[in-house]
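Undergrad: Protein chains in written order, with my numbering: chain A, 3 to 370; chain B, 6 to 344; chain C, -16 to 58.
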Amino acid sequence: MITRRELFDPAAVAGLIAEIRARAAGLKRRVTLMEVCGTHTNAIAAAGLRRLLPDTVRLISGPGCPVCVTPVGYVDRAEALAARPETTVCTFGDLLRVPSSSGSLERARAGGADIRVVYSPRDAVGIARANPGRTVIFLGVGFETTVPTVAAALAEAEAGGVSNFLVLAGHKVMPEPLSALAGDPDVQVDGFICPGHVSVITGWKAFAFLPEKFGIPAAVAGFTPTDVLRGVLDLVGQHVDGKAEVHNVYSRVVTADGNPVARATVDRFFAKADAVWRGLGLIPGSGLDLRPGFSHRDAAAIPVEVGEPEEPAGCMCGDVLKGAIDPPDCPLFGTTCSPATPVGACMVSSEGACAAWHRHERLMGAGR
Amino acid sequence: MSKIDTILLAHGGGGRLTHELVAEAFLPAFSNPALAALSDSAILAELPPGRPALTTDAFVVDPLEFPGGDLGVLSVCGTVNDLAVAGARPLWLTFAVILEEGLDGALLHRLVAGAARAAAEAGVAIVAGDTKVVPRGKGDRAFIVTAGLGVVPPGRELGDRRIVAGDVLLVSGPIAEHGATIVACRHDLAGPGLRSDCAPLASLVEALLASGADVHAMHDPTRGGVATTCNEVASRSGLRIVIDETAVPVSPQVASVCEVLGLDPLYIASEGRLLAWVAADHAGRALDALRAHPLGAGAAVIGRVETRAAGRAPVALATAFGVERPLDLLVGGEVPRIC
Amino acid sequence: MCLAIPMQVKKRDEFLGVVELDGVEREVSLMLEPDAQVGDWVLVHAGYAIGVVDEEEAKATVALLREAAMLVGEA
């Protein structure tokens, strides 16, 4: 079995960097590569990979952090649901500190709401089973990787007669926003580092449209420093060779067709819907809502009063998510907007482009 | 066999049940003459020469019992360690508990036994205490507050202002084992090698100082872990601290928990580890002294102190790949990350 | 997005499995990866196995990384 030691081997990293530098010498111009996964964002920043790459390779972060792209209105609704009597809201830790219009789930919890951080949607089903008198609402946020786990939890609740387990669906899928970005004339992306764990579910074929429809090379990559660098090396190589294909450099877990059981489980409960992305706006077909047959599991059907969501003023998250600017180019970055007092979505999650930059790249004289 | 099977409100009322609780749960476990006198104040022996050091801490933990310790052990170790890292020899502790009505009596006995065990190991006496009981639902089973009095022997000078550029940073063993164990318990992760590091550091500190190594300052990286402690030290000393990622000892079990839950061990608490800033040419001597002690077997040099440079992070991590990145203060508590 | 960690299946009972990484265990659901066998390395995300690690491909990756490491050793 491959080990952490091998995947994090500094000699292998140095070797891959040397290969990238050698290949990049053949580039005719500077290339911009976008990753679209918060775990990529974090891995790149934590290892300091940007400072190891040649100047001709620019790495930027796209809309790959599910928490960051979750609209304020969703958090407002979750807060309102948590304020209902006999209600428990279960969430992944990532969402806890995301600003709502008036506070955050963390503040709502301090105000008396029963909000619990869980590691797995299954844990929330367990809480529902143990508390039959309460409505237990799981905050379903995440991309293709996470949705199957929520669907499986729903399947478990259905099979086990756990009628008090509900989901507030805020899930999103990747191909639609990538299409929007790839087709946006304002966005200059020369290659996509595609999300490895989304691909475990969808299969790498799901990203074939990037080269086929838009002529942009794509590499499905994993999340250790060597995985990310192999993705970069592949994309630089494609550019030098004048190719535009989708390559899978995460072949130890990603196949062409992905996980059909997971997709079928998702399909049983969820159907594609239009969704609003923080910073990017409404993208048709980019979300997953519960199917009408499972309205009894749908927390969005519970009537609560939610005001008009207040998006933060002056925030340039939209431009950051499109890769149009780097985080430090936003006037709020590091001044009014910091991880302690996040204004925009990208600063909220530890995986957000701004938060990762603030934590890992600031004060280092970072190259871009 | 104890008569206390469940804590009742009356156990905190000051009457017969309170006396019974003190006599059955606390006196035998903490057995010492100053406590046994049950006077309004413990009258203690004269202090040995030196400057008195006084500290207090409140302890809450969920779960109350965990591999490697419990709330009682923690409440003694935390206070003993705050004294020890300041260079004080811990002497006496106070012990106040706030219990929730309905708490299992056997559990209380175990927590008290844990505290007594840790106190014996640290060589301190628990000389005063108090018990309050709050109605069910008004507290989370048990809270403990301890205060500790110790003495810094004459001639012993420790403090962040003594740290200078060029000093090296040592840690006494693998980091984050307490915090990782607690968070693992909360999220149903378990393993035989996973246990809290909580331990009283007094004898380790004495061994280090007795070695003659020129120790400038010491801290225990509790809440917020090594990264947070280093940020506090950097801010107080006006210096810069660079931690070498590859040198920081992390057990495979802790690395595993952190990986699964998306946490960074540099931000996770230890409750029985020592950070020491030592003059560079004394690093070997300090390391030998730590490693010769059972609590310091896994000691390592993990960083160095530099002068602060404008526009550079006060605390940085030198990664395995030859670049530095800043280590900021943690924002909020560490919560498992999934996305 | 999507933190997922390879862990090894130690036990399985219908759709429940115990997975392990470096001495740390957790119960996970195998509902999304029903063919996972004891001994397999599965990719664990949010309490579910969502994929199986391909041993052959993992070996190929190791070989590739060793090659990359050698590159610098010789330079």
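All C-beta atoms, glycine included, are put in the ideal place defined by N, C-alpha and C.
Please read these numbers as outputs of a predicted model, since none were measured by experiment.
1. Pull out every residue of the segment 120 to 139 of chain A whose Cβ sits closer than 8 angstroms to any Cβ of chain C, in chain order.
2. Are there 16 or more other CB atoms within 10 angstroms of the CB of B/THR11, so buried, or fewer, so exposed?
3. Kindly indicate if chain C contains any beta-carbon less than 8 angstroms away from that of A/ASN166.
4. Please list, in chain order, all residues of the same chain as A/VAL308 whose beta carbon is under 8 angstroms from its beta carbon, the five residues on each side excluded.
5. Less than 6 angstroms between C-beta atoms, sequence neighbours within five positions excluded: which residues of the same chain meet that for B/GLY184?
6. Any idea if A/ILE129 is buried or exposed, counting beta-carbon neighbours within 10 angstroms, 16 or more meaning buried?
7. What separation, rounded to the nearest whole angstrom, lies between the Cα atoms of A/GLU353 and B/GLY289?
8. Is there a Cβ of chain C sitting closer than 8 angstroms to that of B/ILE307, yes or no?
9. How many angstroms separate the CA atom of A/LYS1 from the CA atom of A/LEU51?
10. Looking only at its chain, what residues have a beta carbon closer than 8 angstroms to the beta carbon of B/ASP3, apart from the 5 residues adjacent to it on each side?
11. What residue range does the beta strand (DSSP E) around C/LYS(-7) cover?
12. By Cβ distance below 7 angstroms, which residues in the same chain neighbour A/LEU212 in space, the five residues on each side in sequence not counted?
13. Report the neighbours of B/ALA325 on chain A: residues whose CB is nearer than 7 angstroms to its CB, in chain order.
14. Would B/ALA294 pass as a contact of B/ALA212 if the rule is Cβ separation under 8 angstroms?
15. Taking Cβ to Cβ, would you say A/PRO267 is nearer than 8 angstroms to A/ALA110?
16. Straight-line CA distance for B/PRO205 to A/ALA13?
17. Looking at the unbroken beta strand (DSSP E) that takes in A/CYS196, where does it start and where does it end?
18. Given that C/GLY6 touches chain B, what residues does it touch there, using C-beta distances under 8 angstroms?
19. Under 6 angstroms Cβ to Cβ from A/TRP359, same chain only, skipping five residues before and after it: list those, please.
20. In angstroms with no decimal places, state the Cα-to-Cα distance between A/LEU97 and A/LYS207.
21. Of the residues that make up the segment -14 to 5 of chain C, which ones have a beta carbon closer than 8 angstroms to any beta carbon in chain B?
22. Given a threshold of 16 other Cβ atoms within 10 Å of its Cβ, counted over all protein chains shown, does A/ILE22 qualify as buried or as exposed?
23. With 8 angstroms as the limit, tell me which residues of the segment 263 to 281 of chain B have their beta carbon closer than that to any beta carbon of chain C; keep them in chain order.
24. Beta-carbon separation of A/ALA302 and A/ALA171 under 8 angstroms?
25. Can you confirm whether B/VAL85, when its beta carbon is compared against all beta carbons of chain A, has any partner nearer than 8 angstroms?
26. Taking 8 angstroms as the threshold (beta carbon to beta carbon), is A/HIS362 in contact with chain B?
27. Short check: CB of B/LEU133 to CB of B/LEU26, under 8 angstroms?
28. Within the continuous alpha helix (DSSP H) that includes A/THR228, where are the two ends?
29. According to DSSP, is B/PRO331 helix, strand or coil?
30. I need the straight-line Cα distance from A/ALA182 to A/LEU9, nearest angstrom please.
31. Since C/LEU32 contacts C/GLY0 with CB under 8 angstroms, what's their CB separation in whole angstroms?
32. Got a sec, what are the start and stop residues for the beta strand (DSSP E) B/VAL81 sits in?
33. Mind checking the segment 23 to 38 of chain C against chain A and listing, in chain order, the residues whose C-beta falls within less than 8 angstroms of any C-beta there?
34. What first and last residue would you give for the beta strand (DSSP E) that runs through B/ALA274?
35. For C/VAL21 and chain A, any beta-carbon pair shorter than 8 angstroms?
36. What residues of chain C sit near B/ALA181, judged by a beta carbon separation below 8 angstroms?
TA: Once the coordinates are examined:
1. TYR121, SER122, PRO123, ARG124, ASP125
2. Residue 11 of chain B sits at position 6 when you count from the first residue of the second sequence. Exposed is the call here.
3. What you label residue 166 of chain A is simply residue 164 of the first sequence in a count that begins at 1. False, the Cβ-Cβ gap to chain C never drops below 8 angstroms.
4. Your numbering for residue 308 of chain A matches position 306 in the first sequence. Taking A/VAL308 as the centre and dropping the five residues before and after it, the same chain places the C-beta of GLY75, ASP78, ARG79, ALA82 closer than 8 angstroms to its C-beta, in chain order.
5. Sequence index remark: in the second sequence, residue 184 of chain B carries index 179 (1-based). If we look at B/GLY184 and ignore the five residues flanking it on each side, its Cβ neighbours are ILE273, ALA274.
6. The residue labelled residue 129 of chain A in the question sits at position 127 within the first sequence. Counting Cβ neighbours within 10 Å, A/ILE129 comes out buried, since at least 16 surround it.
7. Here residue 353 of chain A refers to the residue found at position 351 of the first sequence. Here residue 289 of chain B refers to the residue found at position 284 of the second sequence. Cα to Cα, the separation comes out at about 40 angstroms.
8. Numbered from 1 along the second sequence, position 302 holds the residue referred to as residue 307 of chain B. Not closer than 8 angstroms to any Cβ of chain C, the Cβ of B/ILE307 fails to qualify, so no.
9. The question about residue 1 of chain A has no answer here: the residues shown for chain A are numbered 3 through 370.
10. Residue 3 of chain B is absent from the model: chain B starts at 6 and stops at 344.
11. Position 10 of the third sequence, counted from the first residue, corresponds to residue -7 of chain C. It spans -12 to -4 - the beta strand (DSSP E) in which C/LYS(-7) sits, taken as one unbroken run.
12. Taking the first sequence and counting its residues from 1, the one referred to as residue 212 of chain A is at position 210. Within the same chain, A/LEU212 has close Cβ partners LEU180, ALA184, PHE194, ILE218, ALA220, VAL248.
13. The residue given as residue 325 of chain B occupies position 320 in the second sequence. Per Cβ cutoff of 7 angstroms: PHE10, PRO12.
14. Position 289 of the second sequence, counted from the first residue, corresponds to residue 294 of chain B. Position 207 of the second sequence, counted from the first residue, corresponds to residue 212 of chain B. Their beta carbons are under 8 angstroms apart, which means B/ALA294 touches B/ALA212 by this criterion.
15. On the first sequence, residue 267 of chain A is found 265 positions in, with the first residue counted as 1. On the first sequence, residue 110 of chain A is found 108 positions in, with the first residue counted as 1. Residue 267 of chain A is actually Thr in this sequence, not Pro. Against a cut-off of 8 angstroms, the Cβ pair of A/ALA110 and A/THR267 comes out as no contact.
16. Against the second sequence, residue 205 of chain B aligns to sequence position 200. Against the first sequence, residue 13 of chain A aligns to sequence position 11. If you take the alpha carbons of B/PRO205 and A/ALA13, they lie about 40 angstroms apart.
17. One-based indexing of the first sequence puts residue 196 of chain A at position 194. From DSSP, the beta strand (DSSP E) with A/CYS196 extends over 193 to 197.
18. Indexing the third sequence from 1 puts residue 6 of chain C at position 23. Residues of chain B passing the Cβ test: GLY196, PRO197, GLY198, LEU199, PRO257, GLN258, SER261.
19. Here residue 359 of chain A is taken as the residue at index 357 of the first sequence, counted from 1. These residues qualify, in order along the chain: PRO329.
20. Position 95 of the first sequence, counted from the start, is the residue given in the question as residue 97 of chain A. Position 205 of the first sequence, counted from the start, is the residue given in the question as residue 207 of chain A. Looking at the two C-alpha atoms, the distance is approximately 30 angstroms.
21. LEU(-14), ILE(-12), MET(-10), GLU3, LEU4, ASP5
22. On the first sequence, residue 22 of chain A is found 20 positions in, with the first residue counted as 1. Its Cβ being crowded by 16 or more others within 10 Å, A/ILE22 is buried.
23. Within the segment 263 to 281 of chain B, the qualifying residues are GLU264, VAL265, GLY267.
24. Translated into positions along the first sequence, residue 302 of chain A becomes position 300. Translated into positions along the first sequence, residue 171 of chain A becomes position 169. A contact, by the Cβ cut-off of 8 angstroms.
25. Reading the second sequence from its first residue, position 80 is the one you call residue 85 of chain B. It does not: the Cβ of B/VAL85 has no partner Cβ on chain A nearer than 8 angstroms.
26. In the first sequence, counting from the first residue as 1, residue 362 of chain A sits at position 360. Closer than 8 angstroms: yes.
27. For this step, residue 133 of chain B is matched to residue 128 along the second sequence. For this step, residue 26 of chain B is matched to residue 21 along the second sequence. Per the sequence shown, residue 133 of chain B should be read as Ala rather than Leu. No. Outside cutoff.
28. For this step, residue 228 of chain A is matched to residue 226 along the first sequence. It spans 227 to 242 - the alpha helix (DSSP H) in which A/THR228 sits, taken as one unbroken run.
29. As a working note, residue 331 of chain B is residue 326 in the second sequence. Note: B/PRO331 maps to strand in three-state DSSP.
30. What you label residue 182 of chain A is simply residue 180 of the first sequence in a count that begins at 1. What you label residue 9 of chain A is simply residue 7 of the first sequence in a count that begins at 1. A/ALA182 and A/LEU9 have their alpha carbons spaced roughly 33 angstroms apart.
31. Sequence index remark: in the third sequence, residue 32 of chain C carries index 49 (1-based). Sequence index remark: in the third sequence, residue 0 of chain C carries index 17 (1-based). Leu is not the amino acid found at residue 32 of chain C; the sequence shown has Ala there. That pair is a contact at about 7 angstroms.
32. The count along the second sequence starts at 1 and reaches residue 81 of chain B at position 76. Careful: B/VAL81 lies outside any beta strand (DSSP E), inside the alpha helix (DSSP H) at 76 to 90.
33. TRP24, LEU26, HIS28, ALA29, GLY30, TYR31, ILE33, GLY34, VAL35, VAL36, ASP37, GLU38
34. Translated into the one-based positions of the second sequence, residue 274 of chain B becomes position 269. Per DSSP, B/ALA274 belongs to no beta strand (DSSP E) and is neither H nor E.
35. Counting from one through the third sequence, the residue named residue 21 of chain C turns up at place 38. For C/VAL21, the answer is no, since every Cβ of chain A falls outside 8 angstroms of its Cβ.
36. Start at 1 with the first residue of the second sequence, and residue 181 of chain B comes out as number 176. Chain C residues near B/ALA181: none, gap ~13 angstroms exceeds 8 angstroms.
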